[in-house]
Every structure is written in C-alpha cells, then in structure tokens.
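With our numbering, letter number 76 in the sequence shown gets 82, and the count goes up by one each step, no holes.
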Amino acid sequence: MLLHDSQYTEDEYPSRVGWGHSSIAHVVSYAQIAAVKSLLLFHHDPLHDDDTLDAKLERARELWGDGDGTTDLAREGLQLELG
Numbered sequence: 007m008l009l010h011d012s013q014y015t016e017d018e019y020p021s022r023v024g025w026g027h028s029s030i031a032h033v034v035s036y037a038q039i040a041a042v043k044s045l046l047l048f049h050h051d052p053l054h055d056d057d058t059l060d061a062k063l064e065r066a067r068e069l070w071g072d073g074d075g076t077t078d079l080a081r082e083g084l085q086l087e088l089g
C-alpha cells in the first residue's frame, strides 16, 4: 500500500508548484511506477468539499485503469489492518 499526499487536482497544481504537495496525476503515476497494489490518497485541501474529494477519487481511479489494485480516499476514523 502507498499512502500519499494528494492535495490538488490537476487543474490546481500548476499554480502551486513547489508548495510541497502533489496532484492526483502525479500520485497515480508514482504508484504505478512503484507497482503498488493499493493506493490511499490523503492530505486533502481543507477548502475541498465532499463532492470535490469524490471527483478526485473518480479521477484517480480513471488514471489507475483496469489493472490490479485499489484506489481510495483516507477518511477520518479509517482503520487499516496490517499484516
């Protein structure tokens, strides 16, 4: 599993280069290069509402494609079982 910052949409990112955060496209590309089976997106922009987060997840899944693995959003109270 890769847990990765995904603060910005692809449209927002160009005006925020160098701020230390990633776009959805960058995160998915990195996850694919690393050949992870699971991608968990976190560090959401506090100005993004639930609809925006859902759209970011939809975009990430679109970029991820039909390959193996899953993509999801980290959410408050989320618990993961490691092992």
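Virtual Cβ for every residue (Gly too), placed ideally from N, Cα, C.
For clarity, every value in this text was computed on a predicted model and none was experimentally measured.
- When the Cα atoms are used, Val-34 and Leu-86 turn out to be separated by approximately 20 Å.
- With a threshold of 16 other beta carbon atoms within 10 Å, Ser-12 meets it and is buried.
- In the structure shown, the three-state DSSP call for His-32 is helix.
- In the DSSP assignment, Thr-58 falls within the unbroken alpha helix (DSSP H) covering 56-70.
- In this structure, the beta-carbon distance from Ser-28 to His-10 falls below 8 Å.
- Note that the C-beta distance between Leu-79 and Leu-59 is below 8 Å.
- DSSP, read as helix, strand or coil, puts Ser-44 in strand.
- Straight-line spacing of the CA atoms in Trp-70 and Val-23 works out to 23 Å.
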